[in-house]
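Trainee: The listed protein sequences correspond, in order, to chains X and U. 55 is the number that this note's numbering gives to position 65 of the first sequence; each next residue is one higher, with no gaps. Counting from 1 along the second sequence, just add 17 to a position and that's the residue number in this note's numbering. Take this structure first; my questions come after.
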Amino acid sequence: GENVEQHPSTLSVQEGDSAVIKCTYSDSASNYFPWYKQELGKGPQLIIDIRSNVGEKKDQRIAVTLNKTAKHFSLHITETQPEDSAVYFCAAQFTGGGNKLTFGTGTQLKVEL
Amino acid sequence: DTAVSQTPKYLVTQMGNDKSIKCEQNLGHDTMYWYKQDSKKFLKIMFSYNNKELIINETVPNRFSPKSPDKAHLNLHINSLELGDSAVYFCASSQDSGDRGSPLHFGNGTRLTVT
C-alpha cells in the first residue's frame, strides 16, 4: 500500500521567516496531494492541494511543489505569522484507492514572536 | 452553518461498554468517512461510504460498525470498548469517491477515552 513520510516532525521559526515541510510517497501511481492544517481541538482543514499533472501551485503565502520523478512534494509558507502555528499533514492518494488518502505523520509548526 | 458536525465532542466510558458517535454533513457530498487519530496524531482511515454504500473498509475490528441511514449521515457504533480504542475519531465528507482525488472536509472530532 501507499506510504507517506513527512519531515520534520517539529519546526520552529521566527515570525516573518519561511517554513518548509517535505513529504515523500511510495506509490508512483499517486495522483492527488493535499495539505491539511490542524489546530488544537479541531479537525484537519485543507489549505492547498496539487494534482500530478501540475508541478507547482501557489495561494497567497502558501505554495506546494511536486516532483513526480523523485516522488516528493513540499509545502512552503512565507512570511509566517503566529496564527500559522499548528500541525500540518501531507497526504497522497494513489490511483485505484477510491479517494483513500494516506497521511503523513504530521509536522508541529511553531511560529515564535 | 457547520459543514460536518459530529456528536458528542467528548466521550468517556468504561471497558466493555457499547457507544455510538454520530455525524452529519450539510455540504451535499456523496461520500463520508471515519478516520482515527491516535495519541501520536497519526490519521488513518477506517471506513468510507458513498451514497449509503460501503466502499472502503480498512482492517478494523468488527466491533466497529458504521451505519449510513442516508448520504448526509454516517454513524459509528463501537461494541465492547477496549482501552486501545481511546483516540480521536474524525468524520469527514467529500464530493465524490473516485480516483481523481476529492478534498476532505473534516468535523472537529470526538475524543473517546476508555477507562
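Cβ coordinates follow ideal geometry from the N, Cα and C atoms, glycine included.
#1: Pull the bridge partners of U:S110 from the DSSP assignment, please.
#2: Could you name the residues of the stretch 38 to 57 of chain X whose beta carbon sits closer than 8 Å to any beta carbon of chain U, in the order they occur along the chain?
#3: Which residues of chain U have a Cβ atom closer than 8 Å to the Cβ of X:G91, listed in chain order?
#4: Once the 5 residues before and after X:K100 are set aside, which same chain residues still bring their CB inside 8 Å of it?
#5: Quick check: X:F79 and X:P34, are their CB atoms within less than 7 Å of each other?
#6: What three-state label does DSSP hand X:P65 in the structure shown?
#7: Answer with buried or exposed for X:H(-3), where buried requires no fewer than 16 other C-beta atoms within 10 angstroms of its C-beta.
#8: Is there a Cβ from chain B that is less than 7 Å from the Cβ of X:K61?
#9: To which residues of the same chain is U:Q31 closer than 8 Å at the C-beta, ignoring the five residues directly before and after it?
#10: Quick one: list the residues of chain X neighbouring U:G124, beta-carbon separation under 7 Å, in chain order.
#11: Please confirm whether U:L91 and U:M63 have their CB atoms less than 7 Å apart.
#12: Mind checking if U:G45 is an interface residue toward chain X, Cβ cutoff 7 Å exclusive?
#13: Can you tell me which of the three DSSP states U:P25 falls into?
#14: Could you tell me how far apart the beta carbons of U:G124 and U:Q23 are, in whole angstroms, since I believe they sit closer than 8 Å?
Mentor: Walking through what the data contain:
#1: As a first step, residue 110 of chain U is located in the second sequence; it is residue number 93 there, counting from the start. Bridge partners of U:S110: U:M49, U:H122.
#2: Of all residues in the stretch 38 to 57 of chain X, D39, R41 have a Cβ within less than 8 Å of some Cβ in chain U.
#3: Taking the first residue of the first sequence as position 1, residue 91 of chain X is located at position 101. Residue 91 of chain X is actually Leu in this sequence, not Gly. Near X:L91 (Cβ distances below 8 Å), the residues of chain U are I62, L121.
#4: Start at 1 with the first residue of the first sequence, and residue 100 of chain X comes out as number 110. These residues qualify, in order along the chain: T0, L1, S2, V3, S75.
#5: On the first sequence, residue 79 of chain X is found 89 positions in, with the first residue counted as 1. On the first sequence, residue 34 of chain X is found 44 positions in, with the first residue counted as 1. Yes, these two residues count as a Cβ contact at 7 Å.
#6: In the first sequence, counting from the first residue as 1, residue 65 of chain X sits at position 75. The amino acid occupying residue 65 of chain X in the given sequence is Leu; Pro does not appear at that position. Per DSSP, reduced to three states, the secondary structure at X:L65 is strand.
#7: Counted from its first residue, the first sequence places residue -3 of chain X at position 7. By the neighbour-count criterion, in which a residue is buried when 16 or more other Cβ atoms sit within 10 angstroms of its Cβ, X:H(-3) is exposed.
#8: Among the chains of the structure shown, chain B does not appear; the protein chains present are X and U.
#9: By one-based count along the second sequence, residue 31 of chain U stands at place 14. Answer for U:Q31: L98, V131, T132, listed in chain order.
#10: Walking along the second sequence from the start, residue 124 of chain U turns up at place 107. Residues of chain X passing the Cβ test: G33.
#11: As a position in the second sequence, residue 91 of chain U is number 74, starting the count at 1. As a position in the second sequence, residue 63 of chain U is number 46, starting the count at 1. Not in contact: U:L91 and U:M63 (Cβ atoms no closer than 7 Å).
#12: Numbered from 1 along the second sequence, position 28 holds the residue referred to as residue 45 of chain U. So no, U:G45 is outside the interface.
#13: Translated into positions along the second sequence, residue 25 of chain U becomes position 8. For U:P25, the secondary structure class from DSSP, reduced to helix, strand or coil, is coil.
#14: Within the second sequence, residue 124 of chain U is the residue found at index 107, counting from 1. Within the second sequence, residue 23 of chain U is the residue found at index 6, counting from 1. About 4 Å separates the Cβ atoms of U:G124 and U:Q23, confirming a contact at the 8 Å cut-off.
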